[in-house]
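This report concerns only the one structure given below.
There are 2 protein chains.
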Amino acid sequence: MLKGQMVIGQSGGPTAVINQSLVGAILAARECEEVTGVLGAKHGIAGIMNEDFIDLTTQSIEQLEDVANTPAAALGSVRLKPGQEECEKVFEVFKKNNVRFFFYIGGNDSAETAHIIAEMAKQENYDFCTVHIPKTIDNDLRVTDHCPGFASAARFVALAFMGDDRDNAALSGVKINVVMGRDAGFLTAASALAKQGDDCGPHLIYVPERAFSVERFQYDVKAVVQKYGRCVVAVSEGITDEHGAPVMTSGERDSHGNLQLSGTGALGDFLSGKVKEAYGDEAVRVRADTFGYLQRSFPSVVSKVDAKEARMVGDFAVRHAVNHGIPGSVAIKRLSSMPYDSECFITPLSTVAREATSLDDRYINADGNGVTEAWLAYVKPLVGDLPKIGILS
Amino acid sequence: MLKGQMVIGQSGGPTAVINQSLVGAILAARECEEVTGVLGAKHGIAGIMNEDFIDLTTQSIEQLEDVANTPAAALGSVRLKPGQEECEKVFEVFKKNNVRFFFYIGGNDSAETAHIIAEMAKQENYDFCTVHIPKTIDNDLRVTDHCPGFASAARFVALAFMGDDRDNAALSGVKINVVMGRDAGFLTAASALAKQGDDCGPHLIYVPERAFSVERFQYDVKAVVQKYGRCVVAVSEGITDEHGAPVMTSGERDSHGNLQLSGTGALGDFLSGKVKEAYGDEAVRVRADTFGYLQRSFPSVVSKVDAKEARMVGDFAVRHAVNHGIPGSVAIKRLSSMPYDSECFITPLSTVAREATSLDDRYINADGNGVTEAWLAYVKPLVGDLPKIGILS
């Protein structure tokens with residue numbers, strides 16, 4: 005049985021419930037006598053290398069519950085993808101501090117970091133267990149049914165479209181909303197939950213899993229306007245053309261080498277221009293919004309299932325590590341959709357690390373401009389009940 | 005005593021609670037025997053001219069309550085500022101249908117429309133009463149303490165900044181958020197409610213009431229980063245330079261001749277560039293978001309005071325018109341801030357029509373980059389309690 009200190013860190017883009025996972029892990033660790041100390045790494049791997057730790061055994065339950073209900077990473081996050089050298093430094097710090105448990109809350113990049121460190125421990129015969137705790141609003145981790153963090157972001161997107169569709173119905177025109185999701189369309193597809201009636205938007209949904217054609221987009225928009233006198237469009241920030249080139253980017257890259265697509269209106273403005281072009285001299289009201297960071301950090305719009313599961317995966321990770329000592333990534337298995345029920349299981353780090361997944365074909369409609377009933381059946385229980393739209397008739 | 009049909013319409017940019025005012029008016033009208041019919045005008049003045057009405061006496065209370073809780077204008081809105089000819093047409097329709105009461109829910113432009121029609125009735129000795137029901141997220145109507153619609157938008161902005169500040173604390177850098185408010189900084193100033201600790205953002209707040217200097221902005225941001233290692237900025241979409249020229253616009257105008265500033269990342273991108281410029285070769289993470297239409301139409305983030313008062317002004321307008329027959333605009337008087345209490349009164353249409361107001365000098369700090377305690381005392385009771393931010397220490 006392993007016995008020693010534990011380190012926990014948070015990595016990548018924050019979510020509304022990532023602190024639920026942190027608190028779930030802290031509270032579980034406090035109950036385990038095998039865990040002799042609970043160290044929070046400030047800004048993930050960066051904090052470990054600098055031994056910038058915070059003692060997580062002293063906070064009151066009340067304080068921890070406040071943290072759990074606060075969006076974004078309470079320990080600070082990091083976008084560092086460590087190489088061999090950095091991982092060696094991390095491992096040195098672990099050995100020096102008798103760290104026997106390491107929990108890293110993050111996406112596939114964080115799973116890869118955990119994987120490298122786990123392999124290193126094995127090679128050195130250092131008794132050690134590292135468990136990756138999943139989090140990502142993108143919902144693009146393999147193996148798991150879905151990722152903690154996604155459902156709350158999806159709830160924000162669904163509510164945003166619900167209100168914005170009413171706004172568009174009040175002042176008709178074409179409205180384009182750019183949603184986060186570089187390579188996976190899960191979050192953009194969640195906008196479909198806003199639709200409570202046949203004529204409600206979003207009327208068109210474009211995800212990165214399908215090549216985007218400007219001509220087809222123009223045709224689609226005109227057809228919807230013809231039918232309903234207006235059109236609300238959901239589009240992923242990461243849509244690409246038939247050659248895989250981004251339709252529009254701001255050109256910047258983050259430290260993972262990913263193109264930075266959020267935080268700018270470039271894609272929305274570009275698509276607005278294309279709609280106006282399609283109408284030529286005909287007057288048409290076109291507006292675009294880029295939802296940006298609000299999608300991942302908005303307080304008070306949290307899915308109950310998401311908050312509960314985020315807590316659950318943190319708790320499960322610690323108990324698994326302490327009881328079994330086998331490295332892995334926590335995944336969620338859906339037991340039932342109605343009523344919704346789920347449980348955790350462990351999957352090898354290699355099955356989650358590095359490569360991500362994307363929206364399954366069966367969730368995208370044949371025209372590539374909307375979602376299917378199967379998608380709604382998948383996502384609805386995660387996001388939870390939404391307010392009822394009242395319409396005058 | 006006036007007796008006849010009533011017409012009600014909604015105008016201008018929607019809000020999260022404009023339908024509360026509509027339902028307040030409908031329910032009051034149903035109780036008044038002087039009101040022989042309740043006609044909802046589709047898309048405001050445009051619907052009246054085309055006699056495009058919906059009978060508002062048939063809906064169930066349940067349906068109306070659903071409508072009241074749904075953002076944006078359930079009757080449809082319009083941005084038409086009618087001239088003399090259009091107003092004559094409206095008046096014709098009113099006479100033809102024995103309309104004796106007219107209620108127009110909107111901002112200062114709508115008050116002006118109501119004013120012109122009221123004057124027309126007086127000249128023609130047509131017994132008629134028109135009452136303007138205030139609504140605007142901009143909070144820029146004269147006379148009233150504040151405007152229905154503002155507090156819910158302010159709540160959205162405060163929550164957005166609260167989460168985004170935690171996001172920025174997790175992944176440090178400079179974050180610029182562009183908030184709605186073409187000429188008035190009320191909504192941008194509401195971002196200050198997000199600040200629950202000295203080091204919390206927004207650290208800088210720029211409103212259109214103060215000339216914006218790019219150099220001063222660069223200086224301010226660097227000073228905050230120096231102190232806290234990061235910086236969250238709130239900036240109104242309508243900031244102008246010392247000559248009154250917009251710092252950055254998309255160049256488009258709506259039918260009121262207003263520059264269209266929302267729905268594009270132009271200002272945020274411009275300011276991001278200026279921050280990077282200030283840092284020269286030094287690496288700095290800079291991001292910008294433009295909150296856009298979500299601010300005015302997001303469901304489920306509604307201020308309780310706002311919802312209640314929006315209902316109240318609709319109810320008051322009808323009872324005033326029926327009981328007194330004197331045209332005017334409904335205004336809100338704050339009776340107490342702690343505990344919060346308010347009541348309605350009527351102010352002449354001319355005191356609200358046309359000209360708008362802006363953020364009082366005493367609400368803006370001496371440096372022109374933040375707000376005062378007086379502002380927080382004014383806005384806090386309107387927005388209501390906000391979630392508590394939990395911080396690890």
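Chains as they are written, first to last, in my numbering: chain E, 5 to 397; chain C, 5 to 397.
Glycine is no exception: its CB is placed at the ideal position from the N, C-alpha and C atoms.
Computed from a prediction, not measured in an experiment: that's the story for all the values here.
For a contact meaning CB atoms closer than 9 angstroms, what does residue i contact in chain C?
i         : result
E:Ala-335 : Within chain C, no residue comes near E:Ala-335; the closest Cβ sits about 24 angstroms away, beyond 9 angstroms.
E:Gly-58  : It should be noted that the sequence gives Ile, not Gly, for residue 58 of chain E. Residues of chain C passing the Cβ test: Leu-396 and Ser-397.
Count the other CB atoms, across all protein chains shown, that sit within 10 Å of the CB of residue i; report buried if there are 16 or more and exposed otherwise.
i         : result
E:Thr-62  : exposed
C:Asn-428 : There is simply no residue 428 of chain C to check, as chain C begins at 5 and stops at 397 in what is shown.
C:Gln-230 : exposed
E:Met-10  : buried
C:Pro-86  : buried
E:Ser-25  : buried
C:Tyr-223 : exposed
C:Leu-363 : buried
E:Gln-127 : exposed
C:Lys-199 : buried
C:Ser-114 : buried
C:Ile-12  : buried
C:Ile-209 : buried
C:His-247 : exposed
C:Ser-301 : buried
C:Met-316 : buried
E:Asp-310 : buried
Residues of chain E with CB under 7 angstroms from residue i, in chain order?
i         : result
C:Ile-330 : Within chain E, no residue comes near C:Ile-330; the closest Cβ sits about 29 angstroms away, beyond 7 angstroms.
C:Leu-163 : Phe-302, Pro-303 and Ser-304
Cβ closer than 8 angstroms: which chain E residues qualify as neighbours of residue i?
i         : result
C:Pro-391 : Asn-73, Thr-74, Pro-303 and Ser-304
Residues of chain C with CB under 8 angstroms from residue i, in chain order?
i         : result
E:Gly-394 : Asn-23, Gln-67, Leu-68, Glu-69, Asp-70, Val-71, Ala-72, Asn-73, Thr-74 and Ala-78
E:Ser-195 : The contacting residues do not exist; E:Ser-195 stays about 13 angstroms from chain C at best.
E:Gly-269 : Gly-267, Thr-268, Gly-269, Ala-270, Gly-272, Asp-273 and Thr-294
Listing by chain order, which chain C residues have their CB less than 7 angstroms from the CB of residue i?
i         : result
E:Met-166 : Pro-303
Run down chain D in chain order and give the residues with a C-beta less than 7 angstroms from the C-beta of residue i.
i         : result
C:Ala-174 : The chain labelled as chain D is not found among the protein chains of the depicted structure, namely E and C.
Verify the CB distance criterion: does residue i have a CB-CB separation below 8 angstroms to chain C?
i         : result
E:Arg-170 : yes
E:Thr-351 : no
E:Arg-300 : yes
E:Gly-28  : no
E:Gly-44  : yes
E:Ile-12  : no
Is there a C-beta anywhere in chain E that falls below 8 angstroms from the one on residue i?
i         : result
C:Asp-293 : yes
C:Tyr-223 : no
C:Ile-368 : no
C:Tyr-297 : yes
C:Gln-9   : no
C:Leu-263 : Reliability of the predicted coordinates at C:Leu-263 is poor, the pLDDT of 45 falling under 50, and no value is obtained from them.
Residues of chain E with CB closer than 9 angstroms to the CB of residue i, please, in chain order.
i        : result
C:Gln-63 : Leu-396 and Ser-397
Quiz item: Using 8 angstroms as the threshold, is the segment 294-308 of chain E in touch with the segment 161-171 of chain E, meaning 3 or more CB pairs across them?
Solution: yes
Quiz item: Does the segment 277-291 of chain C touch the segment 185-195 of chain C, meaning 3 or more C-beta pairs lie closer than 8 angstroms?
Solution: no
Practice problem: For the segment 42-59 of chain C and the segment 131-142 of chain C, state whether three or more C-beta atom pairs, one from each stretch, are separated by less than 8 angstroms. | Solution: no
Practice problem: Just list the beta strand (DSSP E) runs in the segment 42-107 of chain C, keeping only unbroken ones of 3 residues or longer that don't cross its boundaries, in chain order. | Solution: 57-59
Quiz prompt | Those runs of the alpha helix (DSSP H) which lie wholly inside the segment 274-322 of chain C and span at least 4 residues | solution = 298-301
Quiz item: For the segment 137-177 of chain E, which segments carrying the alpha helix (DSSP H) assignment without a break, of at least 4 residues, lie completely within its bounds, in sequence order?
Solution: 154-174
Quiz item: Taking contact to mean at least 3 C-beta pairs separated by less than 8 angstroms, is the segment 91-100 of chain E in contact with the segment 50-60 of chain E?
Solution: yes
Quiz item: Would you call the segment 165-181 of chain E and the segment 231-247 of chain E touching, i.e. three or more CB-CB distances under 8 angstroms?
Solution: yes
Exercise. Inspect the CB distances between the segment 284-293 of chain C and the segment 387-394 of chain E and report whether three or more fall short of 8 angstroms.
Key: no
Practice problem: Could you pull out every unbroken alpha helix (DSSP H) segment of at least 4 residues lying fully inside the segment 218-242 of chain C, listed in chain order? | Solution: 218-232
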